[in-house]
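Under our numbering, read the sequence shown as residues 501 to 863, first letter to last. See below for the structure under consideration.
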Amino acid sequence: MGFRVTRARAVLLVLLSLGLTLALGLGLPEALKLLFRFLGFPSDSVSHGIVLLYLVFMLWVAMPTVPRGTLPVEGKEVLITGCDTGFGFALAKHLHKLGFTVFAGCLLKDKNGNGAEELQGMQSDRMHVFQLNVCNEEEVGKALEFVKQRLENTEKGLWGVVNNAGISTFGDVEFTTLDKYKEVMDVNLWGTVRITKAFLPLIRRAKGRVVCVGSTLGRMCKPSRSCYSISKIGIEAFTGCLRQEMYQWGVKVINIEAGNFIAATELFTKEGVERRGEEMWEEASDILRADYGKTPLVQQVTRMKSIVGCGAKEKTDVLNAITDALRSKYPYTRYILTDTYSWIEFQIMSLLPTAIADWIYIS
Numbered sequence: 501m502g503f504r505v506t507r508a509r510a511v512l513l514v515l516l517s518l519g520l521t522l523a524l525g526l527g528l529p530e531a532l533k534l535l536f537r538f539l540g541f542p543s544d545s546v547s548h549g550i551v552l553l554y555l556v557f558m559l560w561v562a563m564p565t566v567p568r569g570t571l572p573v574e575g576k577e578v579l580i581t582g583c584d585t586g587f588g589f590a591l592a593k594h595l596h597k598l599g600f601t602v603f604a605g606c607l608l609k610d611k612n613g614n615g616a617e618e619l620q621g622m623q624s625d626r627m628h629v630f631q632l633n634v635c636n637e638e639e640v641g642k643a644l645e646f647v648k649q650r651l652e653n654t655e656k657g658l659w660g661v662v663n664n665a666g667i668s669t670f671g672d673v674e675f676t677t678l679d680k681y682k683e684v685m686d687v688n689l690w691g692t693v694r695i696t697k698a699f700l701p702l703i704r705r706a707k708g709r710v711v712c713v714g715s716t717l718g719r720m721c722k723p724s725r726s727c728y729s730i731s732k733i734g735i736e737a738f739t740g741c742l743r744q745e746m747y748q749w750g751v752k753v754i755n756i757e758a759g760n761f762i763a764a765t766e767l768f769t770k771e772g773v774e775r776r777g778e779e780m781w782e783e784a785s786d787i788l789r790a791d792y793g794k795t796p797l798v799q800q801v802t803r804m805k806s807i808v809g810c811g812a813k814e815k816t817d818v819l820n821a822i823t824d825a826l827r828s829k830y831p832y833t834r835y836i837l838t839d840t841y842s843w844i845e846f847q848i849m850s851l852l853p854t855a856i857a858d859w860i861y862i863s
């Protein structure tokens with residue numbers, strides 16, 4: 501049986517081994533042997549596997565990050581979507597401060613939105629703010645012309661596109677309308693595809709970067725988050741395929757897999773969660789109301805309201821990851837950004853057999 505040791509698996513195996521040690525009163529070597537046998541390794545390879553596992557784990561812990569080089573920012577131009585609030589607004593200011601020329605697409609620019617007004621108020625020749633609804637083909641076309649007219653050199657292209665625009669929601673499958681699925685998909689997935697396709701010729705000329713803000717929910721599933729997860733799983737597939745297609749052009753495609761940054765971005769508010777709960781009940785059929793009753797929906801709304809203020813309070817980790825994706829000579833293909841608890845949860849949900857992971861978190 502072949503076995504490819506990765507950092508995530510090494511950490512997970514050690515954690516599971518420690519758990520076995522505590523649960524069964526075994527010594528750590530005995531716990532590891534039992535674990536390896538459970539995973540199907542031949543008995544004669546167990547000792548070698550244990551040594552290899554410890555060696556890989558200790559190297560992973562002790563070895564400093566391998567330098568990957570940093571590119572100069574002078575003359576580099578980057579387009580960011582969703583700059584009205586949250587990550588996009590903060591990123592536009594952050595990249596501008598570093599010396600990038602920023603094209604900031606704002607959904608509410610034509611309605612004098614606060615984010616667009618503040619960015620325009622900087623009055624910098626390296627900050628270009630424009631109207632952009634990523635779901636609107638006409639606005640995307642106008643955005644392309646806006647950027648082309650203001651690029652320092654059209655032949656050299658555009659260095660980066662950051663697909664940040666996104667929305668979120670919650671609700672069990674039966675309580676979520678098809679229109680709601682379409683709304684989230686149109687922004688999170690089709691908006692990303694639409695923007696990327698429009699600007700990719702310019703990115704190819706620059707041998708630049710396509711950065712997509714995905715989510716850890718793009719690689720694991722949770723109840724009531726199917727709407728959002730589907731869109732982010734789509735981002736995972738889109739960036740993977742595009743990355744492989746762009747190797748020949750020297751373009752790097754990166755997925756930023758953000759964990760729980762609800763508190764930092766105010767993606768959900770208690771008032772918004774309450775409204776969503778009322779909306780789901782109003783849209784539910786008589787059959788759903790009779791079968792489920794209102795109690796499970798009330799409990800779901802209560803759970804969602806309880807996480808509104810949790811998770812990372814600052815945007816710094818995401819801003820730094822996107823900056824690295826744009827500046828590093830050799831950026832990672834994925835940046836997984838989450839707190840310790842969520843990271844462990846992510847590894848368990850991603851690497852354990854589905855039945856066991858579901859039993860831990862769902863049962």
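For every residue, glycine included, the Cβ atom is placed at its ideal position computed from N, Cα and C. Quantities reported herein were computed from a predicted structural model and do not represent experimental measurements.
| Reduced DSSP category for T795 - H, G, I as helix; E, B as strand; rest coil | helix
| request: Helix, strand or coil for Q631, going by three-state DSSP, please let me know. | output: strand
| query | If you check the beta carbons only, do K609 and F630 fall under 8 Å apart? | reply | yes
| Expected contact under 8 Å - CB spacing of D625 and C606 to nearest Å | Wrong, their Cβ atoms sit about 18 Å apart, outside the cutoff.
| message | Taking the beta carbon of N664 as the centre, do at least 16 other beta carbons fall within 10 Å, making it buried, or is it exposed? | response | buried
| field | Stretch-stretch touch, CB-based, cutoff 8 Å, three pairs: the stretch 665 to 680 with the stretch 777 to 786 | value | yes
| Tell me which same chain residues have a C-beta within less than 6 Å of the C-beta of S731, skipping the five on either side of it? | V684, M685, N688 and L689
| query | Do you know how far the Cα of Q799 is from the Cα of W859? | reply | 20 Å
| beta strand (DSSP E) runs contained entirely in the stretch 653 to 679, provided each spans 3 or more residues | 660 to 663
| Do three or more CB pairs link the stretch 806 to 820 to the stretch 757 to 768 at distances below 8 Å? | yes
| said: For the beta strand (DSSP E) containing F832, name the first residue and the last one. | reply: The sequence shown places Tyr at residue 832, not Phe. From DSSP, Y832 is part of no beta strand (DSSP E); its letter is neither H nor E.
| query | Does DSSP classify S715 as helix, strand or coil? | reply | strand
| query | If you follow the alpha helix (DSSP H) that K770 is part of, which residue opens it and which one closes it? | reply | K770 to E783
| said: Quick check on A764: buried or exposed, where buried means 16 or more other Cβ atoms within 10 Å of its Cβ? | reply: buried
| task | Determine the extent of the beta strand (DSSP E) in which C721 is found, giving its start and end residues. | result | It is not in any beta strand (DSSP E) - C721 carries neither H nor E in the DSSP assignment.
| Closest Cα partner of R694 within the set A790, V640 and S729 | V640
| Classification of K611 by the beta-carbon crowding that lies within 10 angstroms, buried from 16 upward | exposed
| query | Roughly how many angstroms lie between the CA atoms of K722 and C635, to the nearest whole one? | reply | 26 Å
| request: Consult DSSP for V578 and reduce its assignment to one of helix, strand or coil. | output: strand
| Any idea what DSSP makes of V710, helix, strand or coil? | strand
| message | Taking 8 Å as the limit between beta carbons, can you name the residues of its chain near L819, skipping five residues before and five after? | response | F587, A590, L591 and H594
| field | Local Cβ density within 10 Å of I733, reported as buried at 16 or more and exposed below that | value | buried
| Just how far apart, CA to CA, sit T521 and G666? | Legend: pLDDT at T521 = 49, less than 50; position of this residue unreliable, value from coordinates given subsequently. When rounded, the distance between both Cα atoms is 44 Å.
| message | Whole angstroms are fine: how far does the CA of K656 sit from the CA of A706? | response | 5 Å
| Residue from R789, Q620 and T696 whose Cα sits closest to the Cα of C741 | T696
| Got a sec? Which residues, its chain only, sit under 7 Å from S449 by beta carbon, not counting five neighbours each side? | No statement about residue 449 is possible, as the shown extent of the chain runs from 501 to 863 and does not include it.
| said: Please state whether the Cβ-Cβ distance between V751 and R704 is less than 8 Å. | reply: yes
| field | Residues near K813 in its chain [Cβ-Cβ closer than 7 Å; skip 5 each side] | value | A763 and A764
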